[in-house]
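Just so you know, we're using our numbering here: the sequence shown kicks off at 634 and counts up by one.
Note that the Cβ used here is the ideal one computed from N, Cα and C, for glycine as well.
Just so it is clear, the structure is predicted and the values come from calculations on it, not from any experiment.
Working notes, structure below.
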Amino acid sequence: MLGIFKKGLAKTLEKLNEIAPKRSVKIHKEVLEELLIASDIEYELVELILEHLSDEVSRNELEVALLNLFRGESFYDRVVAKEIQAKPCVRLIMGVNGAGKTTTIAKLTQRFKQEGKSVLLGAGDTFRAAAIEQLSLWAKKLEVPIVYSQQGHDPSAVAFDAITSGLAKNVDEILIDTAGRLHNQTNLKNELVKIARICDKALKGAPHQKILIIDGTQGSSAIAQAKVFEEALGIDGVIVTKLDGTSKGGALISIMKELRVPILFVGVGEKAQDLVPFVQEEYINSLLDGLFADS
Numbered sequence: 634m635l636g637i638f639k640k641g642l643a644k645t646l647e648k649l650n651e652i653a654p655k656r657s658v659k660i661h662k663e664v665l666e667e668l669l670i671a672s673d674i675e676y677e678l679v680e681l682i683l684e685h686l687s688d689e690v691s692r693n694e695l696e697v698a699l700l701n702l703f704r705g706e707s708f709y710d711r712v713v714a715k716e717i718q719a720k721p722c723v724r725l726i727m728g729v730n731g732a733g734k735t736t737t738i739a740k741l742t743q744r745f746k747q748e749g750k751s752v753l754l755g756a757g758d759t760f761r762a763a764a765i766e767q768l769s770l771w772a773k774k775l776e777v778p779i780v781y782s783q784q785g786h787d788p789s790a791v792a793f794d795a796i797t798s799g800l801a802k803n804v805d806e807i808l809i810d811t812a813g814r815l816h817n818q819t820n821l822k823n824e825l826v827k828i829a830r831i832c833d834k835a836l837k838g839a840p841h842q843k844i845l846i847i848d849g850t851q852g853s854s855a856i857a858q859a860k861v862f863e864e865a866l867g868i869d870g871v872i873v874t875k876l877d878g879t880s881k882g883g884a885l886i887s888i889m890k891e892l893r894v895p896i897l898f899v900g901v902g903e904k905a906q907d908l909v910p911f912v913q914e915e916y917i918n919s920l921l922d923g924l925f926a927d928s
């Protein structure tokens, strides 16, 4: 798994090596500050990380400081417990257009199928004909049922029909796509709230997980977008896509700290197996491998 995170962070580590081409067992705090900011960790968070470290920082010191940021946070256990209890598990997939929602839904579907689970898709982004078409093509390719309607139809009706169909088919997983039109935040909020309300009407307690897809190439700037969805409906977990295509890999630390929700998966390539579970320690160690020489 460590190698997969190194693959995802390759461009980030390449950028850091340009700033400090010679790795050492200790890094001066000022240089380390520059490196962490260059990786797209927000400035205020970098200051918090470095606050109590010595002038010459060792790998172990920085690793402890990074892990301490999240010590005592309970959000991982909360989300895992929530999804284990639900069948079918209804997952609402949110995110701005272009973040990689459709592809991520397809990768999640493949992952669930490999685990022996049955999946049904709901094409709830009814504002874009292309979104309905793309998800329908994936459903056909992956041989899973899909519920959809014509462009412009009520997305909450699609969500309701997807859940009732999933219940009838006794599926394990229901993945419902949603629109991501940030230019009209009021409409987006009202739409998401209505979809969630209708999901609960179709199946008490649904949606069981609200997942936000974040484009990794946007780095920390995606946090502002994420907060729109958090304020509208709340977020239970995040999937960061296109991590392999960006030099902003440090942004994941900012995303976790700012949003206070777990990163569930990261996308490090085009293939289904390139959507990998996010493991804090392995991600941090992959980042540190690019900063420090072996002691």
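- Rounded to whole angstroms, the Cβ separation of L753 and P778 is 5 Å, and the two are in contact under 8 Å.
- Runs of beta strand (DSSP E) with 3 or more residues, each lying fully within the segment 829–892, are found at 842–848 and 870–874, listed in chain order.
- By the Cβ criterion, the segment 767–783 is in contact with the segment 732–746, since at least three pairs of Cβ atoms, one from each stretch, lie closer than 8 Å.
- The segment 856–868 makes contact with the segment 884–893: 3 or more CB pairs, one atom from each, lie closer than 8 Å.
- Relative to F793, the option among E684, T645, A857 and V723 whose CA is nearest is V723.
- Rounded to the nearest angstrom, the gap between the Cα atoms of Y676 and F703 is 18 Å.
- For the beta strand (DSSP E) assignment, the uninterrupted runs of no fewer than 3 residues enclosed by the segment 647–709 are, from N- to C-terminal side, 659–661 and 689–691.
- For P910 and V873, the gap between their C-alpha atoms comes out near 11 Å.
- DSSP, read as helix, strand or coil, puts P778 in coil.
- Following the DSSP letters along the chain, one finds E806 in no alpha helix (DSSP H) but inside the beta strand (DSSP E) bounded by residues E806 to D810.
- Following the DSSP letters along the chain, one finds V791 inside the alpha helix (DSSP H) bounded by residues P788 to K802.
- Counting only the Cα atoms, V826 lies some 32 Å from K881.
- Looking at I847, A884 and L921, the one whose alpha-carbon comes closest to that of A732 is I847.
- For L920, the enclosing alpha helix (DSSP H) has its first and last residue at Q913 to D922.
- A residue is called buried once 16 or more other Cβ atoms fall within 10 Å of its Cβ, and L649 is buried on that count.
- Between D688 and I660, the alpha-carbon positions lie close to 8 Å from each other.
- The three-state secondary structure of L753, taken from DSSP, is strand.
- The beta-bridge partner set that DSSP reports for R724 consists of L808 and Q842.
- Using a Cβ distance threshold of 8 Å, G923 and L642 count as a contacting pair.
- Proximity to V729 across G900, F862 and I637 peaks at F862, based on C-alpha coordinates.
- Residues of the same chain with a CB within less than 8 Å of the CB of A756, apart from the 5 flanking positions on each side, are A764, I765, L768, S769, I779, V780, Y781, S782, V791 and D810 in chain order.
- Checking the DSSP bridge columns, you'll see F925 partnered with S657.
- Taking C-beta separations shorter than 7 Å and ignoring five residues to either side along the sequence, the partners of F898 in its chain run I872, L908, V909, P910 and F911, following chain order.
- The C-alpha of G849 is placed about 13 Å away from the C-alpha of A857.
- Beta-bridge partners assigned by DSSP to I896: V871.
- Going by beta carbons, D673 and G900 fall outside the 8 Å limit.
- A direct Cα-to-Cα measurement between L876 and G902 gives close to 8 Å.
- Per DSSP, L908 is one residue of the beta strand (DSSP E) stretching across L908 to P910.
- For R744, the uninterrupted alpha helix (DSSP H) segment begins and ends at K734 to Q747.
- Taking C-alpha positions only, L668 is separated from I896 by approximately 23 Å.
- Per DSSP, reduced to three states, the secondary structure at F760 is coil, with no helix or strand assignment.
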